[in-house]
Amino acid sequence: MIASNESLPEVLNVAEIAPEQLSKYRQKSWLEWLHVMASVGMVRDIDFQLAKFFAEQEKTASAAHVAVMVCAVSYELSKGNSCLPISNAWNPLKSFGATQLEPLFDPQLLTCDWADELTKSSLVAQDFQQAMRLPLVFEFGSLYLQKYWHFEGALAQKLLEYAESIAMDAQQLSVLRLQLDQLFTWQLSYLFKDIQTLKKANASDAQIHRAICESLDVVDTADIALDKLVAIASNAKSVSDLEVLSEYIPLSACLNHQKVAAATALTRRFCVISGGPGTGKTTTVSKLLAALVASSEVELDIKLAAPTGKAAARLTESIGQAIDSLPVSPEIKEKIPTSASTLHRLLGAIPNRTEFKHNAKNPLHLDLLILDEASMVDLPMMFKLLNALPANARLILLGDRDQLSSVEAGAVLGDICQLGGQGYSAAHSELLNKLTGYQLPASPYVGTAISDSLCVLQKSFRFHSRSGVGQLARAINSGSSNKATEVFASQYQDIEHFEVNSERYAQLIDTLATRYKEYLNLRFEKNGTLSMPAFARTVLQSFAQTRLLCAVREGEFGVEGTNANIEKVLARKALIAADRDTWYIGRPVMVNSNDHSQHLYNGDIGICLLDESLQEPRLKVYFELPDGSVKGVLPSRVPPHETAYSMTIHKSQGSEFDYTLLLLPKTMTPILTRELFYTGVTRAKNRLSVYADVGIMQHAIKQKTARSSHLSQRLQTDS
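Sequential numbering of the sequence shown, starting at 1, is according to the UniProt record's numbering.
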């Protein structure tokens, strides 16, 4: 076998290898090559070790070929793929990103009917019965590790079991229709404000008409007197003057996707509500919960959850605000839960184990679970969640199908939402029309139980037509780099773009130092009557106003480089004492691993402050927990962590910032995708600055992520 310390220079510089030296490489076996690729970082050591183990276990002549495919499927798991498509023409070097090594290989190593080799293997299952006892499974033309094959198949079965309609009689449907009509009314105050703005700008009748249709969700104007609508809106002196519009706009001419989503969730055991930032997912949920609680004869046990502590805290805050504004009685509001927990806490995490307290044998105690930020949940975790649900429970998934998928294997929300293009079945469309008063068409295709459970919110209430952030997000999602360039050129007030050079990089760091000065100065302004947790919450909220998001971790353009540079500038301005101590007042940190005993989880943000309420003041790191409370932890007790003036876009999921600064690297990298760019952009609530070369942005927009999975295929069952 080639010694790894001798192979590195040559393998990485294939073109410089003398022709007479090629023969020594072409004598190497696949296992030897996998060892070399692990040595140079083309695959992980765990990928190689797993391949080596399977080669030792394989009892047929296919051992070497099976080992290569096992190494590849393990490597693909690290990239988020739950399986590896294999055909006879499969190219292993392409899978490993190592095609440059092809001149060093014996051609016979690469010439193989790979799929046929799997059928000969003693370790590869070809049917369900074999899959119960063998470690590898070949199905749908893809190779799985048995565990992930089980996760995918069992999850699909669970989803299909839940994706059924709830039987309701005519009286129940009538009550539900009345509740939905009361909860989903026109927001005439917003329309009045828009009309006043348009009138000041001397807008045309066409612009006023467009504003009316957008605000009131009018989708069919065929039988509507448009000139009458414009006259009413133009002459309105108050919000109440607009109420007469209901006489000219029939409900059947409108389509409020929030109302459709609520009707779907109320009539099915499983529902997915997908939508971008500001489309009203939380508002929709608060209203459907109000309808559910009001119509239920028994008190329901409803739980709210999210993948991370930050996402859970945001859900707790946003649903509390949404419930406060509901047009329902205080008694109904009191029965709607407002506190969300993390998935790990909900399921009952067991330290140092991958299993949870709650499972099929010990299910959760609940009637309805609402899971926010579902795009962040990987395949194994989603399976474990559904496996722990009681038999008669209901499940609502909230998320953004266009966001980044989970860090670990799977793209569960995206896979489920793929079926949304099929539309609703005739039966479900008819039911929705009864409940909403709209005229939803039935799909020309045969609807499925899953497609009838999907809802996509399309109207953004945060990003209006004058929002550059909203326009940029739409341009990115469309896959058009030209549209994105046009958005930046349109001089929107809330976005700006800078090409990256040394001057702009210094500007970026200085901007962040100036913004962070605001929260750092708060440490000197503690009110004597304010408790330490309350003061810490104020500091945490101030820090959360601004954040730098990076696509990568390493280098000057990554989290490590930017954190170090921001820290240097803050120290030079005497705002922090980073030059003297590792732990200093004002240091923000992000937790990198779960610590169930501390109730701190991967992605949680804390800030180091001096607790002067103690007899001997000492430093503590304060974290906001999912329930909204604040907890102080001694620095020595903080789980593995890193400084967090900047963070990766991946880690920013579930968060939002008033001012977001986005930094992309100078060179192309596989991590730069449409989903990554979109996720970074949509973390901005009010203002966004993008530091990136145009070519890099264009590259990212064109790279749409496609994870290998067959979950959608398994869900293709008629309703």
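Built from N, CA and C at the ideal position, the CB exists for glycine as well.
### Task
Determine the DSSP secondary structure at Asn686, reduced to helix, strand or coil.
Annotated three-state conformation of Asn686 is strand, per DSSP.
#### Entry: Contact between the stretch 651 to 661 and the stretch 674 to 685 (3+ Cβ pairs under 8 Å)
In short, these stretches touch, since the Cβ pair count reaches three.
### Task
Give me the Cα-Cα distance between Ser629 and Pro533, rounded to the nearest whole angstrom.
Computed Cα separation, rounded: 8 Å.
### Query
Taking the continuous beta strand (DSSP E) assigned at Cys213, which residues delimit it?
In the DSSP assignment, Cys213 falls outside any beta strand (DSSP E) and within the unbroken alpha helix (DSSP H) covering 205 to 216.
### Message
If contacts are defined as beta-carbon pairs under 8 Å, then Ser712 and Gln418 qualify, I think. What distance do you get, rounded to the angstrom?
### Response
Ser712 to Gln418, Cβ: 4 Å. Contact.
### Message
Using the three-state DSSP reduction, which class does Ser142 fall into: helix, strand or coil?
### Response
Here DSSP, grouped into helix, strand and coil, assigns Ser142 to strand.
### Task
Within 10 angstroms of the Cβ of Glu54, are there 16 or more other Cβ atoms? Answer buried if so, exposed if not.
Strictly speaking, residue 54 in this sequence is Phe, with Glu absent from that position. Phe54 comes out buried.
### Cβ neighbour criterion (16 or more within 10 Å) applied to Val260
Classification of Val260: buried, given that the 10 Å Cβ count is 16 or more.
### Query
Any idea if Asn235 is buried or exposed, counting beta-carbon neighbours within 10 angstroms, 16 or more meaning buried?
Asn235 is exposed by the Cβ-count criterion.
### Query
Is the beta carbon of Gln27 sitting closer than 9 Å to the one on Asp106?
Yes. Within cutoff.
### Query
Where do the N-terminal and C-terminal ends of the beta strand (DSSP E) with Glu496 fall, by residue?
First-last of the beta strand (DSSP E) with Glu496: 495 to 498.
### Query
What's the C-alpha gap between Met647 and Leu548?
Answer to the nearest angstrom: the Cα atoms are 7 Å apart.
#### Entry: CB of Ile450 within 9 Å of CB of Ile396, strictly
In this structure, Ile396 does not lie closer than 9 Å to Ile450 by Cβ.
### Query
My guess is that Thr264 and Cys455 are in contact by the Cβ rule of under 8 Å, so how many angstroms apart are they, rounded?
Contact flag correct, Cβ pair sits at about 5 Å.
### Query
Is Leu173 helix, strand or coil when you go by DSSP?
The answer is helix: DSSP assigns Leu173 an H, G or I state.
### Assumed close pair Thr608, Pro640 - CB separation to whole angstroms, cut-off 8 Å
Reading off the sequence, residue 608 comes out as Cys, not Thr. Incorrect: roughly 16 Å between the Cβ atoms, too far for contact.
### Whole-number beta carbon distance between Lys310 and Ser655, since they are thought to touch under 8 Å
Separation of the CB atoms of Ser655 and Lys310 is rounded to 5 Å, and the pair is thereby assigned contact status at 8 Å.
### Message
In the DSSP output, which residue or residues are listed as bridge partners for Tyr516?
### Response
According to DSSP, Tyr516 bridges with nothing at all.
#### Entry: Span of the alpha helix (DSSP H) around Tyr622
Element bounds for Tyr622: not the alpha helix (DSSP H) but the beta strand (DSSP E), 618 to 624.
### Ordered list of beta strand (DSSP E) runs contained in the stretch 622 to 674, each at least 3 residues
Taking only runs of at least 3 residues, the beta strand (DSSP E) segments lying wholly in the stretch 622 to 674 are 630 to 633, 641 to 643, 646 to 648, 657 to 663.
### Message
Only counting the same chain, and skipping five residues up and downstream in sequence, which positions put a Cβ closer than 6 Å to that of Ile195?
### Response
Result list for Ile195: Ala233, in chain order.
### Task
Check whether the stretch 295 to 310 touches the stretch 359 to 377, counting contact only when three or more Cβ pairs, one atom from each stretch, lie closer than 8 Å.
The stretch 295 to 310 vs the stretch 359 to 377: in contact.
### Message
For a quick check, are the C-beta atoms of His209 and Val239 less than 9 Å apart?
### Response
No, Cβ-Cβ distance for His209 and Val239 is not below 9 Å.
### Query
Can you tell me whether DSSP reads Cys608 as helix, strand or coil?
Residue state, collapsed to three classes: strand.
### Query
If you compare alpha carbons, which of Val66, Asp595, Leu575, Gln541 is closest to Arg637?
The closest CA to that of Arg637, considering only Val66, Asp595, Leu575, Gln541, is found on Asp595.
### Task
Take Thr119 as the anchor and find which of Tyr438, Ser296, Leu109, Ser62 has the nearest alpha-carbon.
The option with the nearest alpha carbon to Thr119 is Ser62.
### Task
Identify whether Asp301 lies in helix, strand or coil by the three-state DSSP scheme.
Asp301 falls in the coil class under three-state DSSP.
### Query
When you compare only the Cα positions, how much space is there between Leu251 and Gly399?
Just so you know, the alpha carbons of Leu251 and Gly399 end up roughly 28 Å apart.
### Message
Which residue marks the beginning of the alpha helix (DSSP H) containing Ala340, and which one marks its end?
### Response
Not the alpha helix (DSSP H): Ala340 falls in the beta strand (DSSP E), residues 340 to 342.
#### Entry: CA-to-CA distance, Gln179 to Ser341, given in whole angstroms
The alpha-carbon separation between Ser341 and Gln179 amounts to approximately 29 Å.
### Query
Considering only C-alpha positions, which residue in the set Ser325, Val124, Leu366, Ser593 is nearest to Asn352?
It is Ser593 whose Cα lies nearest to the Cα of Asn352.
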